Structures are given as structure tokens and as C-alpha cells.
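Trainee: When you line the sequence shown up against the working numbering, it's residues 2 to 694, in that order.
Think of the CB as a built atom: it goes at the ideal place given N, C-alpha and C, for glycine as much as any other residue.
Quick caveat: nothing in here was measured; it's all calculated off a predicted structure.
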Amino acid sequence: MSEEKDAAARLRELRAQIHEHDYRYYVLDDPVIEDAAYDALYRELRKLETAHPELDDPNSPTKRVGGTVLPAFVSKPHRLAMYSLDNAMSEEEWRDFVTRAANKLEREGQPFTRTFWVDPKFDGLALEIIYENGVYAGALTRGDGEVGEDVTENVRTVKNVPLDLRPHAVRANLPVPALLEVRGEVVMTRQDFYELNERQREQGGKIFANPRNAAAGSVRQLDSKISASRPLTFFAYAIGAQDWAGADPGWTTHSGIMAGLGKLGLPVAREGKVAGEDAVYPYFKTMGVRRPDLPFEIDGVVVKVDSLADQEALGFTGRAPRFAIALKFPAHEAETVLKRIEVQVGRTGVLTPVAILEPVSLAGVTVSRATLHNEDEIKAKDLRAGDTVVVRRAGDVIPEVVRVVPEKRPADAEPFPFPHICPSCHSPAVRAPGEAAWRCVNLACPAMLRRGIAYFVSKSGLDIEGIGNKWVKTLIDKGMVKTPADLFNLTEMDLIPMERMAEKSAANFVAAVEKAQQNATLAKLIAALGMRQVGTRTARTLAEHFRDLDGLAAATSEDLTALPDIGPEVAGSIREFFDNAANRELIERFRQIGLWPVSEPKTAVPPEATPLGGKKFLFTGTLPGMSREKAEALVEAAGGRVMKSISKKLDYLVVGADPGSKLAKAQSLGITILDAEAFQELLGEENARGETL
Ligand code: IVH
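Right, here's the structure in full:
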């Protein structure tokens, strides 16, 4: 009995501690514990929970991993309707909104404070999160505003959503609400979106067109384990129903609510603030400038009358509040004609449809192609050659075809028949159950061969200088290269008779191949093989654990999955590669040629022990004498990470010539700024230190 009591007390303590560490890490971005110490707490909690199933808690931190699979989503009504917002597209429309509000308040005899709360208009999925007696009790999507879908299990897995408000309330001297509905938006940061799509691409999974679709698709999963594996971020921006059981949180303004939500442990965007009437439009303009540097996508700003008494007096029209308005950025959208859909064969055989467009200028860039991802997307959008389509470029995301303009469809436009044979070698393509992609599985497919060899010589592979796609194509078409190994047997005599190959360039070609052979590391060679789901990072892990290609080829699935970051799918793809006779023959040829890099296998190196130990870098501007790729590779080789957007989590911003707006942002966040020289110095110093490790 007393043991049971002890266990209950320890469980409470561990859960509270881990909740607090999650809050510090995911909400405040200010962790106070080492990963290893956190892991130890987490493991202890898991163990104790397994030993004491009777002390289960649906809001334990361990429940963030998901597990429940629903047969279908259940619809539930919102206690209070979730309205949408009216838009203002110009400063004049914003002034009109203020005049309307002022007139209405005057009629009601309510003095107008003309003070507003302004914050970003997040481009994600609107949610309502329900807390009962201070603990997480459920979540609904906005749905049609009246009725939403119950996504309780999925939202529980979103790391920055607090599951227990009570310790926060106690600390902030706030009452614990009997009921509090928190409204906000679930988004995916650009960095997380980019990394998710990379993973999806390597695994043949669904590719998301933009961060909003990725966030919405990740919340609307019937299997909460999938939601849990997706990097989602929540931002609170308002409340719904509330009941403080007689206590009073003292909220009289929207800014007061936002501060209160922050105190209760909820994530609120740093960019929100109070603004007087004349400061609102400048805020909108400033956010428009900062937009590309924000870690998440926004499509405008939202302005709310700050005083809750004013809000109440203003009330709602049929669809939107009269006390709030969205100032929207003009969209980078344009109409153009879809000339045709082409299907390309990738290195791993994936058939990728590409929209060939009548060139159109979008935010200063001419767009003539857009990826269409896969068969389902073409079907869902019903894209047909000849259609007029709307194309969009959002932030730095690749252009996408948003929709067809049906009124402009030519009478004879036919649905696109997605090819079920490879457009290059005409062998049957296959679409595996659960996969979105059709693949060519003919190992001798010339398109795959071309892509495979192009990849082999590219920067992601052995980095053979000066052999571009044209050369690869010519060499393959002439039958001079059938596998990557053939590149190493080419002599100047073979090359000189070829068109456009002067003696000098033939010599350069052969020299470049030789140099690449000498510089080949095991990690580079593994990456160059282009196995599905094995990118540069995984290749590095493999090279750290196996001495040479023989070692890797002999590894069983169990050996492979024992390594960090290698799951059963990656292991399966590596096994599949080496189980293929043609590939084993290729490896034999590498050995004969002497392309046989050997590494000193290490036992797992914790990131802290690598020279740049997980430090996060971002680049802006041009570095003198060094390409961006090279600089990024140096950082990664030293164990650092290269980020795509600016955030407080960055350790260094490396600044070259003509830096962008990232510089000012980094300065305001107090991030260490390195110029090219300081960057070189850091690398040099760390390398020197690294060698003594
Ligand atoms: S406030 C009563 N604030 O915009 C006010 N909405 O067009 C209700 N949205 O579905 C909304 N960012 O999902 C508010 N900072 C923000 C917002 C925001 C995004 C979304 C919201 C709503 C849509 C309305």
C-alpha cells in the first residue's frame, strides 16, 4: 500500500517535472535541462507507468506519442460559434472599419477607446482546445464554425500545447478555470515543413504543397501516432467559452486575455501587441516586411478592438465579429494557361508529373513549371491541358497550381490519363498500396540510369566537377556509360572523338574523375549510390558504423535498425539495394577500380562530442570565395545544423556580402553574428579541437 502511495507521488512529481521541461523547451524556447537528464526522467516515468497501469493519466507527458486509431472523425458542436473574419485589403478599408465601429459604439452610448490588439494572421488550421478544471479535455477543428471535428487525440500530441494549466495558474496567482476554451491556429514552421517533405519524398509518402496543407493534413489523421510524428506548433489568439466558478481572472481587454493565456502556459506569438489606431497600419506594413523571415507563414495581420466592453457592444454580423478585421497581404497569385502535363522519372523511379505553364510573372519571378506531386493531386484538382489555372508562390515555397478556373476551360479539354507505364523505358509502372507515387521498377531504365548517374556525380554524391546533366546524357546515349563505375574507365582517347570535347576538356574530365576517386569518402560513396531514403545524413551515419561497402552490404536489418535514425523502412531499402545482383556487381567493380574508401568506424558519437555539437547555423548574403553549399557542408561535417529560417533557437547567423533582412532580425534576437572571417576561424578552431577528440 505504501509502495503504491510512493509510486503515485513519484508519478505526480515526474509528470509535473516533464510538463514543465516541455513548457520551457517548446513554449519558452528556453530549456533548463540537458537532453540526457530529460531522457532519464522520461524513462523513469515510462517504467513506473508500465508497473502501475492503475495510476494511468490520459494527460501524462508519455501520452504525447499518440496511439489511438479512430474509425472516423466525430463531429461536435462548438459551445460558442467560431466566426470567420472580414478582410480589409487597403488602408482605406481599415479606416472604414474603424469608422463603422465608432459609429456603432456611439449609437450604443459606449465610449470607444480606439485601442487595438494586433497579431499575425496565421496560415494554418483553426482549433479550439478545451480545458476542464485546468486539464486538457479535448480539441475541435473549426469546421463550419458551428460544428467541428473532434481531434482530441491528435492535438494532445502537439508538443507546445499544455496538458495541465494548474501549476501555471498557481504560479501566476490566477484561479483555475472550471472551463476554458482556447482558440488558435495549428501551423507548421517552414523549417519543419521542409524537413517533413524531405522525409516524405525519401519514403515515397505524400508531399505537401505548403505548410498550411501539411499542418491541416497532420491534425486530420485518424491514427494519432501519425499526428504525433508530425512537427506541429500551436498559437493561441482568442478564447471561446469560459467558466471561472465564481472566481475572476480580471480580464477586461483582449491584451489582458493574451497575457493571461501566456501565464497559463499557452503559446502566444511574440509578435502580438497593443496598438493605437494610427499604429495599426504601420504594424501591418512592418509585418509584411518581416513576413519572409518569420519561422511560420502568415497571410496578414488580425486587428481586434482591445476593450472587451467595446467588443461586446459591437457584437457580430451574421458571419464575422464587428470588433475584429483581417488586414490581408496581397497574394502572389496569377492566372495562366496549363500547356500540358509532363511526367518525369526520378532517380528512384518515381513518376513525377510537372505542369508546363505559359510563362507568367509572380512576385518578380517568371514561373513556367510547377510540380504537381502525383496522380491524386491531378485528379483532385481535375487539371487538364488547356485549362486556365491559378498559380501561387507562397514565401520561398516552390510555385504551385492552386486550382482550375472552370469558366475558362476549353470545350475539348480531356482529363489527364496518368501513365501507368514508364515514359522513358515503357515498362509497366507500379503503385504500391498506401503509396501516392507510381514507380518505374526497371533497373535498366535509361531515365533512371541518367538520373542515377547525374546524382552519383552531383554534390550530393561524389561531387565530380564539370560533369553536368548534358554530359551524362550524351555518355549514356552513346552507350559509353552504363553504370557509375564506367565513368572511372573512360580515357582521354575515348572522349576526344566526341562532339564538343576538345583535348583540353577531355583531360579535365578524366582529371576530375580521378580527383573525385581520390577524395571519395565512404559516406560520400554511400550517398552517391542513391539508395531510396538514404540521403547524405544517413550515409554519414552508415559510414561511421561500417568500415567499407563490404561491411555495409553484410549488415542485417537488425544491425541497421540498431543505428541512430535508421528505421525499418530505411533498413529495408538498404537491404533491397544490396540484395540486387546488379548492385552487387557494381560494388565489385568499385573494388577492382580501387574506388574503395575505408572509414574508421566509431561507436556512436553523441552530438555534443562533435566539433560544432548540434549548433544551429543560418546563412545570409554571399560568402567571399565559398559557395553556400560548401559552407553548409562544412557546418554539417562538423556536426552543426543548417537552418532555413531565423528563430531564437539559432546559434549563429553567418553574414556575407549583401545580407538580407535576416541580419536585423538576428541582431534584435541577440543571435551571434559571424562574418566570413569569423566563420572560417570558428571552423578552423573547431576542426583543430575536433582532431584532438
Ligand atoms: S481571431 C473573433 N486571430 O483567421 C475573432 N483569427 O478568417 C476570431 N486566424 O478561422 C478570429 N490568425 O483561424 C484570429 N491572430 C488571429 C488569427 C486568426 C489566423 C484565422 C482563424 C479564422 C480565420 C478567419
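In angstroms, rounded to a whole number, what distance separates the CA positions of E129 and I240?
Mentor: The residue labelled residue 129 in the question sits at position 128 within the sequence shown. The residue labelled residue 240 in the question sits at position 239 within the sequence shown. Distance between the alpha carbons of E129 and I240: 8 Å.
Trainee: Cβ of A314 versus every heavy atom of the ligand IVH: is any distance shorter than 6 Å?
Mentor: Position 313 of the sequence shown holds residue 314. No, the ligand IVH has no heavy atom inside 6 Å of this Cβ.
Trainee: Between A689 and the rest of its own chain, which residues show a CB-CB distance below 7 Å, the 5 nearest in sequence each way excluded?
Mentor: By one-based count along the sequence shown, residue 689 stands at place 688. Residue confidence is low: A689 scores 46 on pLDDT, short of 50, so the model does not pin down where it sits. Its coordinate-derived value is still stated next. Within the same chain, A689 has no close Cβ partners at all.
Trainee: Under 8 Å by Cβ, that's how I've got A314 and L106 pegged, so tell me the actual separation to the nearest angstrom.
Mentor: Along the sequence shown, read from residue 1 onward, the residue named residue 314 stands at position 313. Along the sequence shown, read from residue 1 onward, the residue named residue 106 stands at position 105. Sure, about 6 Å apart at Cβ, within 8 Å.
Trainee: So is the beta-carbon of K380 under 6 Å away from any non-hydrogen atom of the ligand IVH?
Mentor: Here residue 380 is taken as the residue at index 379 of the sequence shown, counted from 1. For the ligand IVH, not one heavy atom lies less than 6 Å from the Cβ of K380.
Trainee: So, with DSSP's three-state summary, where would you put T604?
Mentor: In the sequence shown, residue 604 corresponds to position 603, counting from 1. Its pLDDT being 49, under 50, T604 is placed unreliably by the model, and the measurement read from it follows with that caveat. The answer is coil: DSSP assigns T604 none of H, G, I, E or B.
Trainee: Starting from K654 and walking both ways along the alpha helix (DSSP H), at which residues does that stretch end?
Mentor: Here residue 654 corresponds to residue number 653 of the sequence shown, with the count starting at 1. For clarity, residue 654 is Leu in the given sequence; the question names Lys instead. No alpha helix (DSSP H) holds L654; the beta strand (DSSP E) holding it covers 653-656.
Trainee: Just to check, is the beta-carbon of D120 closer than 6 Å to a non-hydrogen atom of the ligand IVH?
Mentor: Counted from its first residue, the sequence shown places residue 120 at position 119. Yes; taking the cut-off as 6 Å, the Cβ of D120 has a heavy atom of the ligand IVH nearer than that.
Trainee: Taking 6 Å as the line, does the beta carbon of S225 fall inside it for any heavy atom of the ligand IVH?
Mentor: Within the sequence shown, numbered from 1, the residue matching residue 225 stands at position 224. No.
Trainee: Starting from R108, trace the alpha helix (DSSP H) in both directions and tell me its first and last residue.
Mentor: In the sequence shown, counting from the first residue as 1, residue 108 sits at position 107. Here the alpha helix (DSSP H) through R108 covers 92-109.
Trainee: What are the start and end residues of the beta strand (DSSP E) that includes K77?
Mentor: What you label residue 77 is simply residue 76 of the sequence shown in a count that begins at 1. Run containing K77: 76-78, per the beta strand (DSSP E) assignment.
Trainee: Tell me F285's beta-bridge partners as DSSP assigns them.
Mentor: Indexing the sequence shown from 1 puts residue 285 at position 284. Answer is none; F285 lacks a bridge partner.
Trainee: If I follow the unbroken alpha helix (DSSP H) through D377, where does it start and stop?
Mentor: For the purposes of this step, residue 377 is taken as the residue at position 376 of the sequence shown. Counting along the chain, the alpha helix (DSSP H) containing D377 begins and ends at 376-382.
Trainee: Would you kindly report the start and end of the unbroken alpha helix (DSSP H) that includes K122?
Mentor: Residue numbering aside, residue 122 sits at position 121 when the sequence shown is read from its first letter. Per DSSP, K122 belongs to no alpha helix (DSSP H); it is in the beta strand (DSSP E), 116-123.
Trainee: Out of T63, L450, G263, V136, which has the shortest C-alpha to C-alpha gap to F235?
Mentor: Counted from its first residue, the sequence shown places residue 235 at position 234. Closest by alpha carbon: G263.
Trainee: Flag this pair as yes or no: are the beta carbons of V119 and V302 separated by less than 7 Å?
Mentor: To locate residue 119, count along the sequence shown from 1; it is residue 118. To locate residue 302, count along the sequence shown from 1; it is residue 301. Yes, Cβ-Cβ distance for V119 and V302 is below 7 Å.
Trainee: Give the range of the alpha helix (DSSP H) segment to which V136 is assigned.
Mentor: Position 135 of the sequence shown, counted from the start, is the residue given in the question as residue 136. Residue range 136-142 is occupied by the beta strand (DSSP E) that includes V136, with no alpha helix (DSSP H) assigned at that position.
Trainee: DSSP has K305 in a bridge; who is on the other side?
Mentor: Within the sequence shown, the letter at position 304 stands for residue 305. Beta-bridge pairing links K305 to W118, A325.
Trainee: Less than 6 Å between C-beta atoms, sequence neighbours within five positions excluded: which residues of the same chain meet that for T604?
Mentor: For the purposes of this step, residue 604 is taken as the residue at position 603 of the sequence shown. With a pLDDT of 49 at T604, under the threshold of 50, the modelled position of that residue is not reliable, and the figure given next carries that caveat. Here the set comprises nothing.
Trainee: Report the start-end ranges of each alpha helix (DSSP H) in the segment 626-688 that is 4 residues or longer and not cut off at the edges.
Mentor: 629-638, 663-670
Trainee: Check whether the Cβ of L86 sits closer than 6 Å to any heavy atom of the ligand IVH, and report yes or no.
Mentor: For the purposes of this step, residue 86 is identified with residue 85 of the sequence shown, where counting begins at 1. Yes, the beta carbon of L86 sits closer than 6 Å to at least one heavy atom of the ligand IVH.
Trainee: If the criterion is Cβ atoms closer than 7 Å, does the pair L619 and L651 meet it?
Mentor: Here residue 619 refers to the residue found at position 618 of the sequence shown. Here residue 651 refers to the residue found at position 650 of the sequence shown. Result yes, Cβ atoms of L619 and L651 sit closer than 7 Å.
Trainee: Please report how far the alpha carbon of Q192 lies from the alpha carbon of D31, in whole angstroms.
Mentor: Here the question's residue 192 lines up with position 191 in the sequence shown. Here the question's residue 31 lines up with position 30 in the sequence shown. Spanning the two alpha carbons is a distance of roughly 19 Å.
Trainee: The ligand IVH and E272: does any heavy atom of the ligand fall closer than 6 Å to the residue's C-beta?
Mentor: The residue labelled residue 272 in the question sits at position 271 within the sequence shown. Not under cutoff, so the answer is no.
Trainee: Under the three-state reduction of DSSP, which class applies to E577: helix, strand or coil?
Mentor: Counting from 1 along the sequence shown, the entry for residue 577 is found at position 576. Here E577 sits in helix by DSSP.
Trainee: May I ask you to list the residues that DSSP assigns as paired with F417?
Mentor: Looking up residue 417 in the sequence shown gives position 416. Answer is none; F417 lacks a bridge partner.
Trainee: Tell me the rounded alpha-carbon separation between T492 and D580.
Mentor: The residue given as residue 492 occupies position 491 in the sequence shown. The residue given as residue 580 occupies position 579 in the sequence shown. Whole-angstrom Cα-Cα distance: 31 Å.
Trainee: G699 by DSSP, collapsed to three states: which one?
Mentor: Past the boundaries of the shown model lies residue 699; the chain is included only from 2 to 694, so the question cannot be answered.
Trainee: Per DSSP, G251 forms a beta bridge with which residues?
Mentor: Residue mapping note: residue 251 aligns to position 250 of the sequence shown, counting from 1. Its beta-bridge partners do not exist; DSSP assigns none.
Trainee: Quick check on DSSP: helix, strand or coil for L444?
Mentor: Looking up residue 444 in the sequence shown gives position 443. When secondary structure is reduced to three states using DSSP, L444 falls in the coil class, being assigned neither helix nor strand.
Trainee: Can you name the residues that DSSP bridges to D151?
Mentor: Stepping through the sequence shown from its first residue, residue 151 is reached at position 150. DSSP output for D151 lists L141 as bridge partner(s).
Trainee: Can you tell me the Cβ-Cβ gap for D151 and V66, rounded? I've got them flagged as a contact below 8 Å.
Mentor: The count along the sequence shown starts at 1 and reaches residue 151 at position 150. The count along the sequence shown starts at 1 and reaches residue 66 at position 65. Their Cβ separation, rounded to whole angstroms, is 19 Å, which puts D151 and V66 out of contact at 8 Å.
Trainee: CB of A216 to nearest heavy atom of the ligand IVH: below 6 Å?
Mentor: Mapped onto the sequence shown, residue 216 falls at position 215. Not so, every heavy atom of the ligand IVH lies at least 6 Å from the Cβ.
Trainee: Mind checking K631: buried by the 16 CB within 10 Å criterion, or exposed?
Mentor: Along the sequence shown, one-based indexing puts residue 631 at 630. Around the beta carbon of K631, a 10 Å sphere encloses fewer than 16 other beta carbons of the protein chains shown; the residue is thus reported as exposed.
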